[in-house]
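The structure appears right after this line, and notes come after that.
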Amino acid sequence: MKKRRNGKVLSLLLIFALVIGSFGWQSTSLAKPKASTEPPVTVVDWDHELQEMDGFGGSFAFHKGGSIMRLEEPVRSKILDLLFSQENGIGLSIVRNMIGDGGIADWGNEHYDGPTDTILPSPDEYVWEDQEWDKEAFDQYQIWIMNEAKKRGVDTFLSTAWSAPAWMKQNGSVIDNGTAPNKLREDMYQEYADYLASYVEGYKEHFDLDITHISPSNEPDFSGGYSSSLWTPEELNTFVRDFMGPTFEERNIPADIVLGESVGFDEEFALPALNDPITNEYVDVVAAHGYSGLKSGGTEADPDSFTRSQELDKTIWQTEYMNQGEDKQTYEHNTITDGLRYANLIGNIFEDTGVSAYFWWWPAANNGADGSDLIRLVNDGSDQGIAPTENGQYRIFKRFYTFGNYSRFIQPGYQMIEADKHPAEEVMVTAYKDPETDNFTLVAVNNSEQDQEITFDLEGFPGDIEAVVPYRTSASENLEKLDAIETNDNQFSMELRGSSVTTFIPKQFELPALPDMKDVFSTYLAAENDGQSAGLQTMESKAGDKVITNVRDGSYINYTNVNFADGSASGQADKRGILSMNATVAPIAGGTIEVRLDDPENGKVVGTMEVPTNGNPNDWMTVSTMIDTNATDGANGFHDLYLVFTNDNHSNKKMFNVREFQFSDEVVE
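For reference, each letter of the sequence shown is one residue, going 1 to 669 in the UniProt record's numbering.
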């Protein structure tokens with residue numbers, strides 16, 4: 001509370017002001033103190049603990065593990081490490097899979113996109129009671145991906161039922177076939193509870209897999225042409241209270257019960273269970289998906305979405321979300337624009353609703369569009385229902401890296417701690433700690449296009465922190481490990497790059513840099529190249545950014561290990577193989593930019609950009625070219641990229657200045 005000045009003090013101040021005026025002094029300096037040049041400060045409070053974090057995950061339902069399993073080495077292990085390894089990837093710590101319903105007769109196929117084998121195809125016997133049971137083939141893709149995740153440290157496995165087996169349903173189908181309600185029969189509630197319990201027991205006994213969490217219904221508010229089943233919130237309450245909960249208790253099933261998982265991001269489908277004192281004791285996690293109910297362009301949640309769950313101190317998970325719709329499958333939605341969207345959403349829902357775990361839909365998959373995945377496994381375009389189509393290439397999107405700015409550094413058992421969330425306009429900071437080791441993670445999102453310096457004040461942190469290591473994702477960087485920053489009295493400052501996500505961890509816990517991989521979704525800053533010919537110079541433009549100058553005939557810059565994948569900017573079928581490149585330049589004498597692969601002199605020329613002559617070195621413009629992406633010798637797969645600068649008469653004149661290069665799916669006219 002502010003202290004009020006008393007009348008005596010105010011009178012003295014008034015007399016002092018009159019005296020100053022009588023001498024003709026100007027009071028401007030008193031009324032308008034000089035503006036501080038100190039950067040904004042975010043105070044991070046070690047002792048202000050919020051929710052415990054359970055980690056980050058994703059689903060491999062509908063055979064998506066098989067798309068990885070079918071890859072040849074070393075690509076297969078590379079993808080697995082990128083997903084699950086904290087050392088060499090983004091460290092996902094939870095796998096979400098589908099409890100098989102055996103509905104292959106109703107939809108999909110057995111290898112690319114379809115339902116999974118059920119443990120109880122008929123009321124008579126479980127599959128493992130059949131002497132002819134093919135254990136090796138049963139649910140092979142999900143079991144394989146869980147075992148590969150286990151090898152890389154994952155020990156949390158959520159299994160969700162999209163539908164009960166068809167013979168338990170009112171319509172006799174795992175899908176909405178229009179013949180009757182797409183719902184579980186009420187007389188099958190106990191049978192279904194036993195089925196879920198036996199699933200947990202069977203996967204432990206026969207596959208040595210510990211199913212740690214189990215959900216009886218995926219999206220109970222959706223009914224469609226793939227595995228699905230409708231429930232009301234009251235029906236879920238009845239089922240858990242009178243059947244699933246008591247059955248799990250009686251049979252000593254170790255899996256936690258997850259309830260909700262509705263399309264909308266709220267607790268509606270768990271609310272009757274939460275308000276029922278009997279059911280409430282059985283519900284361990286309240287979960288929901290993010291497909292509706294988010295705000296601010298999908299970057300915020302309603303703080304009241306889980307009010308009752310928070311009152312009861314329930315664990316809350318967001319268990320499925322991805323880009324959807326045609327407008328979200330475009331090239332732009334694979335770039336830093338999309339990456340920032342998810343970085344904001346993750347931090348906001350942790351802060352505003354107390355979420356403890358965040359899941360992407362398919363972390364890596366072979367499918368028909370880019371928006372569903374963090375990593376898209378490229379296919380050859382043939383009919384996936386006939387034979388596997390993976391060709392060994394893959395596309396890594398910016399959201400993979402901004403997701404990793406959280407998932408790689410916030411592991412199960414961490415706690416969120418209080419931080420000044422918005423120390424500056426368009427900057428968001430969230431903080432997390434590991435109480436066991438005193439490790440910590442700070443995530444700073446700069447949504448502004450301008451760089452912004454921020455000071456971090458680590459209040460109450462144990463010991464003297466000598467330095468922190470930043471890992472940054474921006475338009476031009478992919479979880480780039482930067483130089484350590486020394487701290488002073490547990491404070492440090494850093495200029496956050498415009499449109500970026502930066503994660504800070506203490507130097508004593510630093511992780512290695514990720515393997516160097518560039519992609520067509522990044523901006524290539526000329527001044528941040530991987531190598532350049534002699535004579536090129538770096539200067540600061542009038543706009544304040546660094547550019548390459550002194551460009552002369554034969555000069556070049558290069559970028560190593562660029563992943564062109566299948567040579568397309570957009571994964572949509574009608575844009576397969578369409579790739580352009582744009583350069584931001586300021587002409588002087590003009591010339592040509594040759595886009596070469598692997599060698600500056602003899603490498604294949606896959607594109608050429610003409611820069612006009614006699615321009616103004618302060619007037620920036622864009623020049624473009626289409627890129628040859630043919631699979632034989634074009635920009636396809638991994639290559640070193642060279643931008644070679646030439647002119648027709650081989651003169652030694654200064655040709656132009658260069659700021660950056662970008663890929664696209666169209667040429668800028």
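For every residue, glycine included, the Cβ atom is placed at its ideal position computed from N, Cα and C. Quick caveat, the model's predicted, so the values are computed rather than measured.
Here the C-alpha atom of Phe-350 lies approximately 38 Å from the C-alpha atom of Met-188. Within its own chain, the residues whose Cβ lies closer than 6 Å to the Cβ of Asp-352, once the five positions on either side in sequence are excluded, are Ala-301, Pro-303, listed in chain order. Non-local C-beta neighbours of Ser-372 in its own chain, meaning closer than 8 Å and more than five positions away in sequence, comprise Met-322, Asn-323, Trp-361, Trp-362, Ala-365, ordered along the chain. Comparing alpha-carbon positions, the option among Thr-402, Ile-346, Gln-384 lying closest to Asn-109 turns out to be Gln-384. Between the region 159-169 and the region 416-436 there are fewer than three inter-stretch CB-CB distances shorter than 8 Å, so the stretches are not counted as touching. When the Cα atoms are used, Arg-76 and Met-69 turn out to be separated by approximately 7 Å. Burial state of Gly-89 is buried, judged by a 10 Å Cβ sphere holding 16 or more other Cβ atoms. Of the residues assessed, Ala-161 falls on the buried side of the cut-off, its CB having 16 or more other CB atoms within 10 angstroms.
Spatial neighbours of Glu-249 in its own chain (CB-CB distance under 8 Å, excluding positions within 5 residues in sequence) are listed in chain order as Tyr-282.
Here the C-alpha atom of Thr-319 lies approximately 43 Å from the C-alpha atom of Gly-607.
Note that the C-beta distance between Gly-65 and Ala-357 is not below 8 Å. For the pair Val-547 and Arg-659, the CB atoms are nearer than the 8 Å cut-off. Comparing alpha carbon positions, the residue from Asn-636, Lys-398, Thr-299 closest to Asn-334 is Lys-398.
For the set Asp-139, Ala-565, Asp-640, Ile-557, the Cα lying nearest the Cα of Thr-646 is the one of Ile-557. For Asp-242, the secondary structure class from DSSP, reduced to helix, strand or coil, is helix. Taking a cut-off of 8 Å on C-beta distances, the region 132-148 does not touch the region 190-198, as fewer than three cross pairs fall below it. The three-state reading of DSSP puts Tyr-192 in helix, counting H, G and I together. Judged by DSSP secondary structure, Pro-506 falls within the beta strand (DSSP E) whose first and last residues are 500-506. Cβ contact annotation for His-48 (same chain, cutoff 7 Å, sequence separation greater than five): Ile-417, Glu-418, in chain order.
Going by C-alpha positions, Val-623 is about 12 Å away from Gly-590. Leu-184 is bridged by DSSP to Lys-169. Annotation: Trp-128 is outside any alpha helix (DSSP H) and is labelled neither H nor E by DSSP. With a contact defined as Cβ atoms closer than 8 Å, Gly-571 and Asp-370 qualify at about 4 Å. If you look at Val-283, you'll find it in the beta strand (DSSP E) that goes 283-292.
Between the alpha carbons of Asp-553 and Gly-114 lies a distance of about 57 Å. In the DSSP assignment, Thr-299 falls outside any beta strand (DSSP E) and carries neither an H nor an E. Contact between the region 241-248 and the region 261-269 is absent, with fewer than three C-beta pairs closer than 8 Å. Comparing C-alpha distances from Tyr-471 to each of Lys-604, Phe-504, Pro-165 shows the shortest one belongs to Phe-504. Pairing Gly-91 with Asn-649, the inter-Cα distance amounts to about 53 Å.
Ranking Glu-528, Tyr-559, Ser-382 by CA distance to the CA of Asp-545 puts Glu-528 first. In this structure, the beta-carbon distance from Ile-578 to Asp-665 falls below 8 Å. Exposure of Asn-630 is indicated by the presence of fewer than 16 other C-beta atoms within 10 angstroms of its C-beta. Taking 8 Å as the cut-off, the beta carbon of Asn-550 is found no closer than this to the beta carbon of Phe-661. Within the same chain, Cβ atoms closer than 7 Å to the Cβ of Ser-67 are found at Ala-365, Asn-366, Leu-377, Glu-390, the five residues on either side in sequence being excluded.
Going by C-alpha positions, Ile-336 is about 29 Å away from Asp-633.
Within the region 382-445, the alpha helix (DSSP H) runs of at least 4 residues that lie entirely inside it are, in chain order, 398-407.
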